[in-house]
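*Asks:* Protein chains in written order, with the numbering used here: chain C, 1 to 129; chain U, 1001 to 1129; chain L, 2001 to 2081; chain F, 3001 to 3081.
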Amino acid sequence: MKRELIITTEPIDETALLARRTMSHGMGAAVFFAGVVRGQEGDKTIAAIEYEAFHKMVEHQFALLFDEMEKRWPVESVRLVHRLGVVRVNEPSLWVEVVTPHRGEAFAACQWLIDEMKRVVPIWKKPLK
Amino acid sequence: MKRELIITTEPIDETALLARRTMSHGMGAAVFFAGVVRGQEGDKTIAAIEYEAFHKMVEHQFALLFDEMEKRWPVESVRLVHRLGVVRVNEPSLWVEVVTPHRGEAFAACQWLIDEMKRVVPIWKKPLK
Amino acid sequence: MTVTVQFYSCCKELTGCAQAVEKLPAGATIEALLQQLHARFPRLVPMRNSTLIAVGVDYQPRSHVLKEGDEVSLFPPLQGG
Amino acid sequence: MTVTVQFYSCCKELTGCAQAVEKLPAGATIEALLQQLHARFPRLVPMRNSTLIAVGVDYQPRSHVLKEGDEVSLFPPLQGG
């Protein structure tokens, strides 16, 4: 399984990521997810979110998740980018791509990865006005 | 709900589609799906798939699905491109994007749309060696 | 009355034609049309239970009553995506 | 023995510091460390049940036995994505 994890304070360049996609001839499905900062956090209007991480543990926990993902689904490639620092409203903070032979596997694996990330990967956010 | 349906014999330009994405400040999730022609159809190695459609009915059935989708989930935008004619292995035949406030809705709506498409939208395929 | 019938995908391959014009008694149902088509195109018979039928651009059940000038389409299970 | 403790996110805000060094008897568990930290930083007490604890880069239960030089991290529930 090809793995790519990028934890960065730079803006997520979805076009560049798309251009780097590779799929072998046996692969039929690519699912992408872009998580974008919304202008509302609860009742409050916000301008941005500041993301903080325990960096070394983030990398380790993602490695454990990728190991588990590889056992569960026939994933050829997983790429995940999480932005840290200040991310303004309407900009993506998270980008995930999963490539598998069939559609169902790609959707299931992508959703599972994001759910698990929110459970075990030490990243926190602070809304900024 | 913004709707865009493209039924075309031209290659699907994912980069151009991505560049045209719009999300308002209340939207937090964009899910994309690219369905790509695989080199195997059952046991056989193939070079391409030829897609045929009952064009007028395709548009009507997608319109009904978009109506239903709008009732079920708070979708701000749905865009779907289906390629017809000969699509070579490793090229996408289907591209779908769904934009919603939250992640779960986007995944659910995108998967539902593809499942329903396969049930009611009159498109057929013929493997080519 | 007269209805036109369009064949798609393997239905077209089995009949050897893309379109047929059928004469039916007034008030005939899709089921009656199918019986007439099966007599003329026996190769359609094996897939009778999986054939999908639309009148215009909407699916209709076998019990649907046809009317003069209807455009009926016959096709196999779908495979988009 | 001595362990270092890192505080992240609101744990850091509640303690007012990013790091603390704690002395503990040999064989002390995370639970013992937490009691000591709660005495020194009472503002951590209300979130004691939701606090996540890692030793190094792995999560550990309250019963985990610490050893000399361990790096323990305390943080609130996660919010990535």
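From the three backbone atoms N, C-alpha and C, an ideal C-beta is built for every residue, glycine too. This structure is a prediction, so every number in the text was calculated from the model and none was measured.
Pairs of beta-carbons, one from the segment 17–25 of chain C and one from the segment 3024–3044 of chain F, closer than 8 Å: are there three or more?
*Replies:* No, the segment 17–25 of chain C is not in contact with the segment 3024–3044 of chain F.
*Asks:* Whose CA, out of C:Val-120, C:Val-121, C:Val-99, C:Trp-73, lies closest to the CA of Val-31 (chain C)?
*Replies:* Closest option to Val-31 (chain C), Cα to Cα, is C:Val-99.
*Asks:* May I have a chain-ordered list of the beta strand (DSSP E) segments no shorter than 3 residues that lie completely inside the segment 3–81 of chain C?
*Replies:* Entirely contained in the segment 3–81 of chain C, the beta strand (DSSP E) runs reaching 3 residues are, in chain order, 29–36, 48–53.
*Asks:* Would a C-beta distance cut-off of 7 Å place Glu-1014 (chain U) and Leu-18 (chain C) closer than the cut-off?
*Replies:* Against a cut-off of 7 Å, the Cβ pair of Leu-18 (chain C) and Glu-1014 (chain U) comes out as a contact.
*Asks:* Taking the straight line between their C-alpha atoms, what separation do you get for Pro-3077 (chain F) and Leu-3034 (chain F)?
*Replies:* Cα-Cα distance, rounded: 17 Å.
*Asks:* Which two residues bound the contiguous beta strand (DSSP E) that contains Lys-125 (chain C)?
*Replies:* From DSSP, the beta strand (DSSP E) with Lys-125 (chain C) extends over 123–128.
*Asks:* List, from N- to C-terminal side, the alpha helix (DSSP H) runs of 4 residues or more that fit wholly inside the segment 3011–3054 of chain F.
*Replies:* As far as the segment 3011–3054 of chain F is concerned, its whole alpha helix (DSSP H) runs of at least 4 residues are 3030–3040.
*Asks:* Within the chosen definition, does the segment 1069–1089 of chain U reach the segment 1102–1122 of chain U through at least 3 CB pairs nearer than 8 Å?
*Replies:* Contact between the segment 1069–1089 of chain U and the segment 1102–1122 of chain U is present, because at least three Cβ pairs lie under 8 Å.
*Asks:* Do Met-1 (chain C) and Glu-70 (chain C) have their C-beta atoms within less than 7 Å of each other?
*Replies:* Cβ distance < 7 Å, so Met-1 (chain C) and Glu-70 (chain C) count as in contact.
*Asks:* Excluding the 5 residues preceding and the 5 following Val-87 (chain C) in the sequence, name in chain order all residues of the same chain whose CB lies nearer than 7 Å to its CB.
*Replies:* Hits under 7 Å: Val-37, Ala-48, Ile-49, Tyr-51, Ser-93.
*Asks:* Does any residue of chain F have a CB that is nearer than 7 Å to the CB of Leu-94 (chain C)?
*Replies:* At least one chain F Cβ lies under 7 Å of Leu-94 (chain C).
*Asks:* Over what stretch of residues does the beta strand (DSSP E) that includes Leu-94 (chain C) continue unbroken?
*Replies:* 92–100 is the extent of the beta strand (DSSP E) around Leu-94 (chain C).
*Asks:* Ordered along the chain, which non-local residues of its own chain (more than five positions away) have a Cβ less than 8 Å from that of Pro-1074 (chain U)?
*Replies:* If we look at Pro-1074 (chain U) and ignore the five residues flanking it on each side, its Cβ neighbours are Thr-1100, Pro-1101, Glu-1105.
*Asks:* For Arg-1088 (chain U), write down the residues that DSSP places opposite it in a beta bridge.
*Replies:* DSSP lists U:Ala-1048 as partners of Arg-1088 (chain U).
*Asks:* Given that Thr-15 (chain C) touches chain U, what residues does it touch there, using C-beta distances under 8 Å?
*Replies:* Near Thr-15 (chain C) (Cβ distances below 8 Å), the residues of chain U are Thr-1015, Leu-1018, Ala-1019.
*Asks:* Taking 7 Å as the CB-CB cut-off, is Ile-1123 (chain U) touching chain L?
*Replies:* It does; some Cβ of chain L falls within 7 Å.
*Asks:* Label Gln-130 (chain C) either buried or exposed according to how many other C-beta atoms from any shown protein chain fall within 10 Å of its C-beta, with 16 as the threshold for buried.
*Replies:* Nothing can be reported for residue 130 (chain C): it is not among the residues displayed for chain C, which extend from 1 to 129.
*Asks:* What residues from the segment 2032–2062 of chain L come within 9 Å of chain U, judged by C-beta to C-beta, listed N to C?
*Replies:* Taking 9 Å as the Cβ-Cβ cut-off against chain U, the residues of the segment 2032–2062 of chain L that qualify are Leu-2052, Ala-2054, Gly-2056, Val-2057, Asp-2058, Tyr-2059.
*Asks:* Who are the neighbours of Phe-3075 (chain F) on chain C, taking C-beta pairs under 8 Å?
*Replies:* Phe-54, Pro-122, Trp-124, listed in chain order.
*Asks:* Taking C-beta pairs closer than 8 Å, name the residues in chain L that Ile-1114 (chain U) reaches, listed in chain order.
*Replies:* Those are Gly-2081, listed as they occur along chain L.
*Asks:* Between Arg-1083 (chain U) and Ile-1012 (chain U), which are expected to be in contact by the criterion C-beta below 8 Å, what is the C-beta distance as a whole number of angstroms?
*Replies:* Right, their Cβ atoms sit about 6 Å apart.
*Asks:* Strictly by DSSP, which residues pair up with Val-3003 (chain F)?
*Replies:* For Val-3003 (chain F), which the question treats as bridged, DSSP gives the partners F:Glu-3022.
*Asks:* Is the Cβ-Cβ distance between Tyr-3008 (chain F) and Phe-54 (chain C) less than 7 Å?
*Replies:* Going by C-beta atoms, Tyr-3008 (chain F) is nearer than 7 Å to Phe-54 (chain C).
*Asks:* Would you say Gln-61 (chain C) reaches chain U, if we count a Cβ-Cβ gap shorter than 7 Å as a contact?
*Replies:* Not an interface residue.
*Asks:* Ordered along the chain, which non-local residues of its own chain (more than five positions away) have a Cβ less than 7 Å from that of Val-3065 (chain F)?
*Replies:* These residues qualify, in order along the chain: Gly-3027, Thr-3029.
*Asks:* Going along chain U, which residues have a C-beta under 9 Å from Leu-2078 (chain L)?
*Replies:* Under the 9 Å cutoff, chain U gives Met-1117, Lys-1118, Arg-1119, Val-1120, Val-1121, Pro-1122, Ile-1123, Trp-1124.
*Asks:* Going by the DSSP bridge assignment, what does Leu-2074 (chain L) pair with across the sheet?
*Replies:* The partner list for Leu-2074 (chain L) (beta bridge, DSSP) reads L:Phe-2007, L:Ile-2053.
*Asks:* Flag this pair as yes or no: are the beta carbons of Pro-127 (chain C) and Ile-46 (chain C) separated by less than 7 Å?
*Replies:* Yes.
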